[in-house]
Amino acid sequence: MIAAVNNAAGLVTAAAADTVQKIDAPTVDLRAVLPVLIVLGGACLGVLVEAVFQRRTRYPVQLFVTLATLVAAAVAVVWGAVDRHYAVTFAGSIAVDQASYVSWGVILVLAVLSVLLIADRVSEPGGAIVAQAAVRVGSKQEAAAARRVLPMHTEVFPLTLFAIGGMLVFPAASDLLTLFVALEVLSLPLYLMSGMARRRRLISQEAAVKYFLLGAFASAIMLYGIALLYGYAGGIGFSDIRRVAQLGTGSDVLLLAGIALLFVGLLFKASVGPFHLWTPDVYQGAPTPVTAFMAACTKAAAFAAMMRILIVALEPMTWTWRPVLWWVAIASMAIGAIMGITQTDFKRMLAYSSIAHAGFLLLGVMAVSDKGASATLFYLLTYGVATIGAFAILTIVRRASPGADPDGPGGVGPEAGSVADWAGLAKRSPLLAASMSLFLLSFAGIPLTSGFIGKLSVFSAAAAEGMGALVVVAMVATAITAFFYLRIVVLMYFSDPPSGTVTLPSGAAGGDGSGAAGESAAGVLTATRTQARTVVIAPGALTAAVITVCVILTLALGIVPSWGLDLTEITSGFLY
Amino acid sequence: MTNSYNPLLLLLIGVPLVGAIGMMFAKNLPVRTTKLIALLFSLVPLALAVLLWVNFKAHDYQPTPAVNPTPTATPVDSVVPLFSQVFSVDWIPAFGIRFSLGVDGISLVMIALIALLVPIVIGASWEEKLPAGRSVAGYLGLLLALESAMIGVFAATDVFLFYVMFEVMLIPMYFLIGAYGGARRTYAATKFFLYSLLGGLMMLASLIGLYVASADIRPEGGTLDWATLRSIADQIPVGTQIWIFFGFFIAFAIKAPLVPLHTWLPDAGAEAPVGAGTLLVGVLDKVGTFGFLRICLPLLPAASTKLAWLVLLLASIGIIYGAIVAAGQTNLKRFVTYTSIAHFGFIAMGCFVFTTQAVSGAVLYMVNHGLATGLLFLLVGMLAARGGSVNVKDYGGVWKVAPILTGLFLVASMATIAVPGTNSFISEFLVLLGSFRTQPVWAIIATCGIVLAAVYMLWIFQQVFTGPIRGRAVVATDPGDDHLAPAPSLGEVRTDPHGIPAVGPQPASTVTVTSTSVTTGVDPAARTVSLSTDVITEADPAARAEPVAAPGRRLRFGDLSKREIAVLSPLVVLIIFLGVYPKPVLDVINPTADRTVIDSGHTVGTGLDVTADRAQQEGK
Numbered sequence: 073m074i075a076a077v078n079n080a081a082g083l084v085t086a087a088a089a090d091t092v093q094k095i096d097a098p099t100v101d102l103r104a105v106l107p108v109l110i111v112l113g114g115a116c117l118g119v120l121v122e123a124v125f126q127r128r129t130r131y132p133v134q135l136f137v138t139l140a141t142l143v144a145a146a147v148a149v150v151w152g153a154v155d156r157h158y159a160v161t162f163a164g165s166i167a168v169d170q171a172s173y174v175s176w177g178v179i180l181v182l183a184v185l186s187v188l189l190i191a192d193r194v195s196e197p198g199g200a201i202v203a204q205a206a207v208r209v210g211s212k213q214e215a216a217a218a219r220r221v222l223p224m225h226t227e228v229f230p231l232t233l234f235a236i237g238g239m240l241v242f243p244a245a246s247d248l249l250t251l252f253v254a255l256e257v258l259s260l261p262l263y264l265m266s267g268m269a270r271r272r273r274l275i276s277q278e279a280a281v282k283y284f285l286l287g288a289f290a291s292a293i294m295l296y297g298i299a300l301l302y303g304y305a306g307g308i309g310f311s312d313i314r315r316v317a318q319l320g321t322g323s324d325v326l327l328l329a330g331i332a333l334l335f336v337g338l339l340f341k342a343s344v345g346p347f348h349l350w351t352p353d354v355y356q357g358a359p360t361p362v363t364a365f366m367a368a369c370t371k372a373a374a375f376a377a378m379m380r381i382l383i384v385a386l387e388p389m390t391w392t393w394r395p396v397l398w399w400v401a402i403a404s405m406a407i408g409a410i411m412g413i414t415q416t417d418f419k420r421m422l423a424y425s426s427i428a429h430a431g432f433l434l435l436g437v438m439a440v441s442d443k444g445a446s447a448t449l450f451y452l453l454t455y456g457v458a459t460i461g462a463f464a465i466l467t468i469v470r471r472a473s474p475g476a477d478p479d480g481p482g483g484v485g486p487e488a489g490s491v492a493d494w495a496g497l498a499k500r501s502p503l504l505a506a507s508m509s510l511f512l513l514s515f516a517g518i519p520l521t522s523g524f525i526g527k528l529s530v531f532s533a534a535a536a537e538g539m540g541a542l543v544v545v546a547m548v549a550t551a552i553t554a555f556f557y558l559r560i561v562v563l564m565y566f567s568d569p570p571s572g573t574v575t576l577p578s579g580a581a582g583g584d585g586s587g588a589a590g591e592s593a594a595g596v597l598t599a600t601r602t603q604a605r606t607v608v609i610a611p612g613a614l615t616a617a618v619i620t621v622c623v624i625l626t627l628a629l630g631i632v633p634s635w636g637l638d639l640t641e642i643t644s645g646f647l648y
Numbered sequence: 010m011t012n013s014y015n016p017l018l019l020l021l022i023g024v025p026l027v028g029a030i031g032m033m034f035a036k037n038l039p040v041r042t043t044k045l046i047a048l049l050f051s052l053v054p055l056a057l058a059v060l061l062w063v064n065f066k067a068h069d070y071q072p073t074p075a076v077n078p079t080p081t082a083t084p085v086d087s088v089v090p091l092f093s094q095v096f097s098v099d100w101i102p103a104f105g106i107r108f109s110l111g112v113d114g115i116s117l118v119m120i121a122l123i124a125l126l127v128p129i130v131i132g133a134s135w136e137e138k139l140p141a142g143r144s145v146a147g148y149l150g151l152l153l154a155l156e157s158a159m160i161g162v163f164a165a166t167d168v169f170l171f172y173v174m175f176e177v178m179l180i181p182m183y184f185l186i187g188a189y190g191g192a193r194r195t196y197a198a199t200k201f202f203l204y205s206l207l208g209g210l211m212m213l214a215s216l217i218g219l220y221v222a223s224a225d226i227r228p229e230g231g232t233l234d235w236a237t238l239r240s241i242a243d244q245i246p247v248g249t250q251i252w253i254f255f256g257f258f259i260a261f262a263i264k265a266p267l268v269p270l271h272t273w274l275p276d277a278g279a280e281a282p283v284g285a286g287t288l289l290v291g292v293l294d295k296v297g298t299f300g301f302l303r304i305c306l307p308l309l310p311a312a313s314t315k316l317a318w319l320v321l322l323l324a325s326i327g328i329i330y331g332a333i334v335a336a337g338q339t340n341l342k343r344f345v346t347y348t349s350i351a352h353f354g355f356i357a358m359g360c361f362v363f364t365t366q367a368v369s370g371a372v373l374y375m376v377n378h379g380l381a382t383g384l385l386f387l388l389v390g391m392l393a394a395r396g397g398s399v400n401v402k403d404y405g406g407v408w409k410v411a412p413i414l415t416g417l418f419l420v421a422s423m424a425t426i427a428v429p430g431t432n433s434f435i436s437e438f439l440v441l442l443g444s445f446r447t448q449p450v451w452a453i454i455a456t457c458g459i460v461l462a463a464v465y466m467l468w469i470f471q472q473v474f475t476g477p478i479r480g481r482a483v484v485a486t487d488p489g490d491d492h493l494a495p496a497p498s499l500g501e502v503r504t505d506p507h508g509i510p511a512v513g514p515q516p517a518s519t520v521t522v523t524s525t526s527v528t529t530g531v532d533p534a535a536r537t538v539s540l541s542t543d544v545i546t547e548a549d550p551a552a553r554a555e556p557v558a559a560p561g562r563r564l565r566f567g568d569l570s571k572r573e574i575a576v577l578s579p580l581v582v583l584i585i586f587l588g589v590y591p592k593p594v595l596d597v598i599n600p601t602a603d604r605t606v607i608d609s610g611h612t613v614g615t616g617l618d619v620t621a622d623r624a625q626q627e628g629k
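Protein sequences, first through last, are from chains A and B.
Heads up: take any position in the first sequence, counting from 1, add 72, and you land on the working numbering.
Heads up: take any position in the second sequence, counting from 1, add 9, and you land on the working numbering.
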């Protein structure tokens, strides 16, 4: 609608030869983008804090700044949403509408929970983030640092805020370049954060490099797609593409190739289907709170952005792209569900579960309706809450291995990554096991948990658009995923805790502790070690709070889902 | 839609739930107190169920002319409200979902059955041996939670609520099997859960389909309210109905279970603790056949009519297959589950022949099967608790050892094979009679199942209860004896001072046992006899001192205790009573059965398709 305005830059270069044309200043509605500004401003403030404050005082200040920023942004979101302050601004590159507000709300809620988890320095002494990321793995300095239990890098807070800022822009981006910039802004901090695990440094860094390389590759492909779409529509705005697609005047080759390449990039970020290969490695290697952040918030942002592109720019082409995405969704559900069964590592299992869930989410996105959009955002909220809760529990279930892990701070072993370590947990920590079971049941979509309502709304939106067959496939995939969720419940409740000497394949034992043991993660060695019982360490106050909130939300959204459905309901469509 | 607040059904669901939650905090109470509290919480629903029955009869329902002779039958629901004792409030308005409860004749009798069986099961589980490390409070809490969910399924009058309860019901049963079951419990629990979940998800797909289909028809949007869906059921296109039908059908066929989808039941039934197994076979599986009657027939009438042949085929296969496989079982619990599979064939057949007689018969069968198989399963459990084995080969001549147990088992057996005078006879007869009028071929095939039932039941009875006393579960050998030593083929029985008959290797004619001496076997010493022979000899030094039993052949158990007899007697009374006078139950069932048949597009009297009938008339 503001399409007339937004080609100013392009027109200028074309007309520069003749006369100097008058440039209309684009309208700038600062109030509409206030939440984004607050978050990015808070991030800059965080960088200043690093420069000004002493190391000892940085942590409380950073934590305060970060949380205050997020809360302020949330207040701004509520203010705008209640006032129905909708606008397409910045020369049509940002669209702030009901869907943007809902996406922002979902992302901010999940972000607050993730930040609390990242900030916890009690569960893992010093925090899950490493103290000196630059120290070479396996060096003497590292061993010395590990013994002294230094507090974590506080730079992680501004990094998180920058990532959140990118995530807020991503679903509101209404032209392809803004979309790309937002993607990079949210990705770069994540690449960095993935490599900052305190324990198992080596696979953490491997994860970071892998994520970075594949991410860069996907970005490049996406950029290529953007170029082709620009060639097709003669503009980068979603509204331009929509207009040309409706007229049917452009080159179909450019359009189809452009869509395909653009979606490779987006599907990669959302860890969908055949573009998922980075997911298990990065989920496993990254510090667990960062994994939770990625799994919940990045997914929310990526799907919300994808929805805007499909609904605004490519809606006239629905019958072209829907069959393709149909198969992508099936592939994603099948890969996630089937590969998930074979996993022995908890985080990898959750990674494959997230791939399967990405397939389910795609159903809601493909519906291209207000109902589908609300359903997808509700699903993202429920899935994100359960995911953060599950990862939060993961951080406090540890292997007790005083002998096996001499370098480990505080005598507590690393996270009990192997699924087998969770056997018999219910006998010793009934509350924890019950919470974990709740999250797993929510993933599996059992009624009276939030995950069920999420699935119900997404699937019914898809069925209403004539995708009944896909819904049936999704049901079968759900049943398969339920098998591996259930396996954990079985282990926790019906099995005896592991004890005694067992021979562990390198996959399970690998990476115990930092440094040298981490090398075995490369998969060469087979270690025989005494595997002591798993211990549940007392969670820090922040982690405990996160778990509690997640449990409450999962139950509340499952039993009385109306308020959640009302909050995420989108009635007025997407602006462009 | 208006809200109603009749609290009775809500209480029926809520009271056991409160009890279940209370059990979570009862870990530190004395075991006996815990059990009494649980029993109390299960007796309150029984009282409420009686009240429900009385209210149902008194207020909301007057008997209508049972059979409407004209083919153009007026719907019964025009005079009688669809549901009685309604509780209904908004739940998820975004999807047109309400939290609404209500009963009709069919759900009323099922709720009454649940409310009756749960206290009996708790009483029967009074001295249940739980696996190491498991608490009684947890077990009873799960039983109460299960009761709450089961009542919820039958009381739900919103299809969504029905689905939710259907799935929630899985969770306590899953933990009952998985945490409290036998040796292969984890396997059985997982299999049970996955089968049911797969069915549940197919049902969810169909539920969404139903919602979307209703949204296409109603201008005000989709709904999942049963009564509303019923009123538009005839407008849903047949093609859509068939797809939706398949989802529901798979869910219910897994739950019921019909034959190709039945394999979870023998495992789950065999591994479940006795109490849970009784509820599993007695009530939980009925949800499947109840679903046929509540959802498939009235909400998807065209598809039900079109696909009735499929159900009848599977039902007939089930009747024959279940009977043949049951005859081959060596595990008593698995045996009971296979007999149930055969019986579910009858029930499913009764649902899909579309005559009032058959539908009434099927519903009555659901109740009767719950009573008869419940009794059978509990008795198998009591036998297994004594002998420490569920293997048929480990038993023999139990009649002489435990005559009361045997007598009750005989009653249960007779009821299972539907001997006239027992309750099952009425229902089986009604089903066959109703079926024969419209589907004679299937009815004849099903009748063969009755003969087979007599074969398997009498065979098992003969092996376990008659003949000479034998089998290592019945006769304890020497502590030093190899457990696998062949059981003594023929032994004579003598009594020791504790009243426990002892078997010696002497010639059979020396001493015979009178029934009085055996029944005294209920004394404490006999009942403490546990599974291992070592314990027996230590717990009962008199056994060693017994000079006659020098080679040490002793019986391992006595007859039923007073508690057990008291617990089982209501079932026995009902089996006989309903066998002689089923009218009170049939009176409640009939109007709803009528309505279900009409809803499914058939006339009450003839069972013929109304439309076909009309066409015929117009042709004339």
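All C-beta atoms in this analysis are idealised placements derived from N, C-alpha and C, irrespective of residue type, glycine included.
Residue contact with chain B for ARG559(A): present (Cβ-Cβ distance below 9 Å to some residue of chain B). At a cut-off of 9 Å, the C-beta of PRO519(A) has a neighbouring C-beta in chain B.
With its beta carbon at least 9 Å from every one in chain A, PRO282(B) lies outside the interface. Around the beta carbon of LEU285(A), fewer than 16 other beta carbons sit within 10 angstroms, so the residue counts as exposed.
The beta carbons of PHE470(B) and SER422(B) sit about 5 Å from each other, so the pair counts as a contact at 8 Å. Using a CB distance cut-off of 9 Å, LEU528(A) counts as an interface residue toward chain B. Within the same chain, and ignoring the five residues on either side of TRP100(B) in sequence, the residues whose Cβ sits closer than 6 Å to its Cβ are ILE106, ARG107 and PHE108. Within the same chain, and ignoring the five residues on either side of THR99(A) in sequence, the residues whose Cβ sits closer than 7 Å to its Cβ are THR161. Within the segment 427-481 of chain A, the complete beta strand (DSSP E) runs of at least 3 residues fall at 469-471.
Under DSSP, GLU487(A) shares a beta bridge with ARG470(A). Here the alpha carbon of VAL576(B) sits roughly 54 Å from the alpha carbon of ALA367(A).
Under the rule that a run must span 4 or more residues, the alpha helix (DSSP H) segments found entirely inside the segment 563-608 of chain B read 571-589 and 592-608. For ASP353(A), no CB of chain B lies under 9 Å from its own CB, so it is not counted at the interface with that chain. DSSP places GLN213(A) inside the alpha helix (DSSP H), whose first and last residues are 212-220. A Cβ-Cβ distance of about 24 Å is found for the pair PHE242(A) and GLN134(A), leaving them out of contact under the 8 Å criterion. Secondary structure of TRP135(B) (DSSP, three-state): coil.
Here ASP192(A) carries a coil assignment [DSSP, helix/strand/coil]. Residue ALA200(A) holds the alpha-carbon nearest to the alpha-carbon of THR360(A) among LEU397(A), ALA628(A), ALA200(A) and GLY412(A). As far as DSSP is concerned, VAL257(A) takes part in no beta bridge. For GLU122(A), the nearest beta carbon of chain B is not closer than 9 Å to its own beta carbon.
The Cβ atoms of VAL168(B) and TRP273(B) do not sit closer than 9 Å to each other. Taking 9 Å as the cut-off, the beta carbon of ARG470(A) is found closer than this to the beta carbon of ILE609(A). In this structure, ILE160(B) keeps its C-beta atom at 9 Å or more from the C-beta atom of LEU580(B). In the three-state reduction of the DSSP assignment, HIS271(B) falls in the coil class, being assigned neither a helical nor a strand state.
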